Amino acid sequence: MKKRSRRFNTLLKEIEKNKFYAPLDALCLMKNLSNVNFLETAEVHILLGLDPKYADQQLRANVMLPKGTGKNIRVAVVTTDNKTQQASSAGADIIGSESLINEIKQGRLDFDKLIATPEMMISIAKLGKILGPKGLMPSPKAGTVTNNLVKTIQEFKAGKLEYKIDRNGILHIPFGKLNFTAEDLYSNLITLQQSIDKNRPQGSKGKYWKSIYINSTMGPAIPLDINLLRDSYL
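Structure below.
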């Protein structure tokens, strides 16, 4: 077991044992516990009653966070030469066609999101071993294969993000920065909750939400009361 620092153990004492916190109380506590010299990310970890080895229990979706992510998203676009101006006008950071594909093949990965137009996917397919493990492979389901470059680029720049369960049926999602107000983080968290419920897989049976914790990048996990979260209205 990884040894925890004295700083971490001190913070851990501030969290009441066996208590499930109301969402706003937990968010305020998370912000108050932050004592590092960099701006931390707020993260949520949700265990769902899903077994991802079954196709009808997969969960992968996009959500537009109303208050954004607080992160400057670098967007790369692979498209044909006649569409590069569209991508540029929408604020894409890196734009190219076959030349950019070759650069990625050589190891260029200085972007957070890769968007492609459908006609380029045959060429991009050969990058699967490079992009796949990093979660950067464009796909229609992720909303990153599109003919509407302007809208797609602008949405990802503004705070749209993709989430999917890991092999253990857990979602790990960043939902803002600790310089957000507790209310803004709460707004993002509720939007996530609603999206997860809306996209519940057909094969899901029994209890869907099992546990939910929030934490900052370097902070301890704080358990939330699932019912209070799901019953929340802004």
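Note that my numbering has the sequence shown beginning at 18, numbered continuously upward. Glycine included, each C-beta is placed from N, C-alpha and C at the ideal position. Since this is a predicted model, take the numbers as computed values, not measurements.
In this structure, the CA atom of Pro237 is about 26 Å from the CA atom of Asp214.
Contact holds between the stretch 49-68 and the stretch 229-244, because three or more Cβ pairs, one in each stretch, are under 8 Å apart.
Per DSSP, reduced to three states, the secondary structure at Arg24 is helical. Within the same chain, Gly176, Leu178, Phe192, Asn205, Thr208 come within 7 Å of Leu82 by CB-CB distance, once the 5 residues on both sides are set aside. The stretch 150-166 makes no contact with the stretch 46-57, as fewer than three CB pairs between them are under 8 Å. Taking a C-beta distance under 8 Å as the contact criterion, Ile141 and Ile118 qualify as a contact pair.
Under the DSSP assignment, Thr101 falls in the alpha helix (DSSP H) whose first and last residues are 101-106. Apart from sequence neighbours up to five positions away, the residues of its chain that approach Leu148 with a beta-carbon distance below 6 Å are Met154, ordered along the chain. The C-beta distance from Leu44 to Ile187 rounds to 20 Å, too long to fall under 8 Å, and the pair is not in contact. Within the same chain, Lys158, Ala159, Glu179, Tyr180, Lys181, Ile182 come within 8 Å of Arg77 by CB-CB distance, once the 5 residues on both sides are set aside.
With fewer than 16 other CB atoms across the displayed protein chains lying within 10 angstroms of its CB, Gly220 is exposed. Here Ala175 carries a helix assignment [DSSP, helix/strand/coil].
Shown here, Met47 sits in a helix according to DSSP, grouped into three states.
Annotation: the stretch 77-142 contains the following complete segments of the beta strand (DSSP E) (minimum length 3 residues), in chain order: 77-81, 92-95, 111-113, 130-133. DSSP places Thr208 in the uninterrupted alpha helix (DSSP H) bounded by 199-215. If you look at Gly145, you'll find it in the alpha helix (DSSP H) that goes 145-148. If you ignore the 5 residues before and after Phe173, its C-beta comes within less than 7 Å of the C-beta of Ile90, Val92, Lys130, all in its own chain and listed in chain order.
If you draw a straight line from the Cα of Lys30 to the Cα of Ser105, it comes to about 50 Å. With respect to Leu166, Thr96 sits close: the two C-beta atoms are nearer than 8 Å. Straight through space, the alpha carbons of Asn79 and Ile111 are spaced by roughly 22 Å.
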